[in-house]
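Sequential numbering from 874 applies to the sequence shown in our numbering. Even for Gly, the Cβ is constructed at its ideal location relative to N, Cα and C. Every value quoted in this text rests on a predicted model; they were computed, and no experiment measured them. Here's the structure, in structure tokens; my notes come after.
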Amino acid sequence: MSELRFVRMGFGADAVDYQEAWDEQRRVHAARFADEIPDTVLLLEHPPVYTAGRRTDDSERPLDGTPVIDVDRGGKITWHGPGQLVGYPIQKLPRPVDVVAHVRRLEEALIRACAEYGVESTRVEGRSGVWVLGDPVEQRPALGGLSLDFDPRIADEEFDPRLNGPEYAPSNAGQRREDRKIAAIGIRVAKGVTMHGFSFNVNPDNRWFDRIIPCGIRDAGVASLAAELGRDITIEEVLPVVERHLRDILENADLKPRVIEKASA
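See below:
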């Protein structure tokens, strides 16, 4: 079992500027690499900001030129802002680092947190993060008055929901009864120590996601805990629940190096 420290950096009126949090991540990362501090999770809210991971395509950014901060994490473009709980676990892992196992642990903590509120969430193969699954395709309502057989997203890989009205907006995925992401995960590992982490949509205005292609995914949308519950809920209420599940999983994880398969002769 490894010790885990939580640092609540700021919420609400004290929300932390993204650059300030990024600088703090780097400072804590260096201290953790030097074994000056234990594994640490920074928890906070950000003022509204778009951030783009290394795999972000230009076609996924805001069409109106809204500023985007390019960062060194994996994944694509996303939004952070009020009503969203952001966590940056800075944890030393055995090398070679098993990045997938780290992501799965973060997903599991958030899946358990959702379950505590009666919201069923899960993983989707090939797509990181935590998802609320929609209805089977044949049971979903028609879009734009057309049957699903004519859903333009099916035939057009470059379909842009930002240009096609609110019925295709990521924030309306719940109304369409489609798969929707309630928590996004994007990380970086440097010198065997993790950075960046997760964003959990507690009670944000998800319309911010309608200006981008969230995580580069065009055929699904975004969710929030409040929308799934049909009632208001605050980060203050959710914070200790998420902390508890993160502590339980990260402190008790059986950390192992990634298995490297040797090529056969």
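Exercise for review: Spell out a yes or no on whether the stretch 963 to 975 and the stretch 901 to 911 are touching, meaning 3 or more CB-CB pairs, one atom from each, closer than 8 Å.
Suggested key: With the cut-off at 8 Å, the stretch 963 to 975 and the stretch 901 to 911 touch.
Practice item. With a 10 Å radius around its C-beta and 16 neighbouring C-beta atoms as the bar for buried, classify R1053 as buried or exposed. Key: For the purposes of this step, residue 1053 is taken as residue 180 along the sequence shown, with counting starting at 1. Flag for R1053 reads buried.
Point to revise | Which of helix, strand or coil DSSP assigns to S1072 | key: Working through the sequence shown from its first residue, we reach residue 1072 at position 199. DSSP places S1072 in strand when its eight states are reduced to three.
Exercise for review: Can you tell me which of the three DSSP states I1058 falls into?
Suggested key: Taking the first residue of the sequence shown as 1, we reach residue 1058 at position 185. If DSSP states are grouped into helix, strand and coil, I1058 belongs with the strands.
Review point. Between the C-alpha atoms of R927 and T951, what's the straight-line distance to the nearest angstrom?
Key: Indexing the sequence shown from 1 puts residue 927 at position 54. Indexing the sequence shown from 1 puts residue 951 at position 78. Spanning the two alpha carbons is a distance of roughly 12 Å.
**Study point:** Stretch pair the stretch 1090 to 1099 + the stretch 1042 to 1056: three plus CB contacts closer than 8 Å
**Key:** yes
Exercise for review: Check whether the stretch 1121 to 1132 touches the stretch 933 to 941, taking contact to mean three or more Cβ pairs, one atom from each stretch, closer than 8 Å.
Suggested key: no
Check your understanding: Measuring CB to CB, does V1111 end up less than 8 Å from S1097?
Key -> As a first step, residue 1111 must be located in the sequence shown, where it is residue number 238. As a first step, residue 1097 must be located in the sequence shown, where it is residue number 224. Not in contact: V1111 and S1097 (Cβ atoms no closer than 8 Å).
**Study point:** Distance CB(E980)-CB(R1000) smaller than 8 Å
**Key:** Stepping through the sequence shown from its first residue, residue 980 is reached at position 107. Stepping through the sequence shown from its first residue, residue 1000 is reached at position 127. No, Cβ-Cβ distance for E980 and R1000 is not below 8 Å.
Check your understanding: How would you label T924, buried or exposed, when you count the other beta carbons within 10 angstroms and need 16 or more for buried?
Key -> The count along the sequence shown starts at 1 and reaches residue 924 at position 51. By the 10 Å Cβ count, T924 comes out buried.
Review point. Do you know whose CA, among P1043, A903, L958, lies nearest A888's CA?
Key: Taking the first residue of the sequence shown as position 1, residue 888 is located at position 15. Taking only the C-alpha atoms, the option nearest A888 is L958.
Review point. Along the chain, which unbroken stretches of the beta strand (DSSP E) at least 3 residues long are found entirely within the stretch 1094 to 1122?
Key: none
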